[in-house]
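Under this note's numbering, think of the first position of the sequence shown as 37, with each following residue one higher.
We treat Cβ as the ideally placed atom computed from N, Cα and C, and that holds for glycine.
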Amino acid sequence: METVELHTANGVMTIAMNRPDRKNAINNLMWTELLQAFSIAELDDSVRVVVLTGKGGNFSSGADLSDPVRGEESPYRHQLIRMRRIGSTIAALHNLNKPTMAKVEGVAIGAGFALALGCDLVLASLDAVFSAIFSKRGLSPDSGSSWLLPRIVGLQKAKELAFFGDFIKAEEGVNLGFVNRVVGNDELDALVEEWSAKLRDRPPIALSMTKKLLNASFAASFNDVLESEATVQAVNLYSSDTEEAIRAFMEKRPPRFEG
């Protein structure tokens, strides 16, 4: 891939946006390659955790406004086609069947902010800044951010962030609920490794279904959720991981989950 770098070790796949000279601005090719990367992670059973990050000290400055989006140089016949392609990439991240974590340094702006929000967990360095900058570019929120923001920070705060497009420091992101943890720049790698290791050692089937339950909860009634929980738990109770958890408890040792 030209704009995305993949690295897998010990069950953790790191997907790094790799246009550091543009602060990892997302062009048409990167949207396509991110979709490919998410598909690879989805289908690789050896991958337990996915970490999304950016090279060169920034997460992503958002959509690359210098990339041709209209006219003869654009690969898309209509902007609706292009936006649906972006939507497919965002949906692939949101629906990925294993835990995802955004490792954010520097800027996470516009579509870059949306990509971070689309991950299950967000770990950030002290220098990280976030912005739903769309209104300052004459645009409305996209890349799933109009759905994600109200669910994470509440409707009124989401409107404030979207209307003004202000830059939000990582520590304020913790207070608003879209950042899980902030640490010093030299501590971020260690924190990501620590959380990745913990997630890697959890039962993969149970985590996958937990993610699915939580993501669907806002669109479901309470009775629908109870039925979904019953179905999911029945699958868990017949899995080898549950048997292993019970054996490990009885033998007073850490469980070894295989999925």
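Give me the residue from Gln-269, Gly-47, Arg-236 and Ala-99 with the minimum Cα distance to Leu-175. The residue you call residue 175 lines up with position 139 of the sequence shown. Checked all of Gln-269, Gly-47, Arg-236 and Ala-99; the closest Cα to Leu-175 is Ala-99.
Looking only at its own chain, which residues have a Cβ that is under 8 Å from the Cβ of Leu-65, when we skip the five neighbours before and after it? As a working mapping, residue 65 is identified with position 29 in the sequence shown. Closer than 8 Å at Cβ, skipping near neighbours: Glu-38 and Thr-39.
Would you call the segment 231-238 in contact with the segment 71-89, where contact means no fewer than 3 C-beta pairs closer than 8 Å? yes
Relative to the C-alpha of Phe-200, which candidate in Pro-177, Asn-221, Asn-211 and Asn-131 has its C-alpha closest? Your numbering for residue 200 matches position 164 in the sequence shown. Measuring from the Cα of Phe-200, the nearest candidate turns out to be Pro-177.
Per-residue DSSP class, three states only, for Glu-208: Here the question's residue 208 lines up with position 172 in the sequence shown. Helix.
Under 8 Å between C-beta atoms, does Leu-227 make it to chain B? In summary, chain B is missing from the structure at hand, where a single protein chain is found.
Proximity below 8 Å, CB of Ala-198 to CB of Leu-185: Translated into the one-based positions of the sequence shown, residue 198 becomes position 162. Translated into the one-based positions of the sequence shown, residue 185 becomes position 149. A contact, by the Cβ cut-off of 8 Å.
Can you check which of these residues, Asp-260, Pro-240, Ser-264 and Ala-256, is closest to Ser-275 by C-alpha distance? Numbered from 1 along the sequence shown, position 239 holds the residue referred to as residue 275. Taking only the C-alpha atoms, the option nearest Ser-275 is Pro-240.
Return the CA-CA distance between Ser-102 and Gly-213, expressed in angstroms with no decimal places. Residue 102 sits at position 66 when you count from the first residue of the sequence shown. Residue 213 sits at position 177 when you count from the first residue of the sequence shown. For Ser-102 and Gly-213, the distance between alpha carbons rounds to 32 Å.
Report buried or exposed for Lys-288, applying the criterion of at least 16 other Cβ atoms within 10 angstroms of its Cβ. Here residue 288 refers to the residue found at position 252 when the sequence shown is read from its first residue. Lys-288 should be labelled exposed.
For Ala-150, tell me which candidate among Thr-278, Ile-62 and Asp-222 has the shortest Cα-Cα distance. What you label residue 150 is simply residue 114 of the sequence shown in a count that begins at 1. With respect to the C-alpha of Ala-150, the residue from Thr-278, Ile-62 and Asp-222 having the closest C-alpha is Ile-62.
Nearest-angstrom Cα distance between Ser-264 and Leu-243? Your numbering for residue 264 matches position 228 in the sequence shown. Your numbering for residue 243 matches position 207 in the sequence shown. When the Cα atoms are used, Ser-264 and Leu-243 turn out to be separated by approximately 15 Å.
For Arg-217, report the span of its alpha helix (DSSP H) as first-last. As a position in the sequence shown, residue 217 is number 181, starting the count at 1. That residue, Arg-217, is in no alpha helix (DSSP H); its beta strand (DSSP E) goes 217-219.
Cα-Cα separation between Leu-45 and Ala-73, rounded to whole angstroms: Within the sequence shown, numbered from 1, the residue matching residue 45 stands at position 9. Within the sequence shown, numbered from 1, the residue matching residue 73 stands at position 37. It should be pointed out that residue 45 corresponds to Ala in this sequence rather than to Leu. So the two alpha carbons sit approximately 15 Å from each other.
Start-end ranges of the alpha helix (DSSP H) lying completely within the segment 92-155, minimum 4 residues: 115-130 and 147-153
Report the rounded CA-to-CA distance for Val-228 versus Asp-222, giving the unit in angstroms. Here residue 228 refers to the residue found at position 192 of the sequence shown. Here residue 222 refers to the residue found at position 186 of the sequence shown. Answer to the nearest angstrom: the Cα atoms are 12 Å apart.
Starting from Val-83, trace the beta strand (DSSP E) both ways and give me its first and last residue. By 1-based counting over the sequence shown, the position of residue 83 is 47. No beta strand (DSSP E) contains Val-83, which DSSP labels as neither H nor E.
Other residues of its chain near Ala-194: CB distance less than 6 Å, five sequence neighbours each side excluded: What you label residue 194 is simply residue 158 of the sequence shown in a count that begins at 1. These residues qualify, in order along the chain: Leu-185 and Pro-186.
What is the C-beta distance between Asn-60 and Met-53, in whole angstroms, given that I count them as a contact (C-beta under 8 Å)? Mapped onto the sequence shown, residue 60 falls at position 24. Mapped onto the sequence shown, residue 53 falls at position 17. With 8 Å as the limit, Asn-60 and Met-53 qualify as a contact, their Cβ atoms being about 4 Å apart.
Residue range of the beta strand (DSSP E) that includes Leu-42: Counting from one through the sequence shown, the residue named residue 42 turns up at place 6. Run containing Leu-42: 40-45, per the beta strand (DSSP E) assignment.
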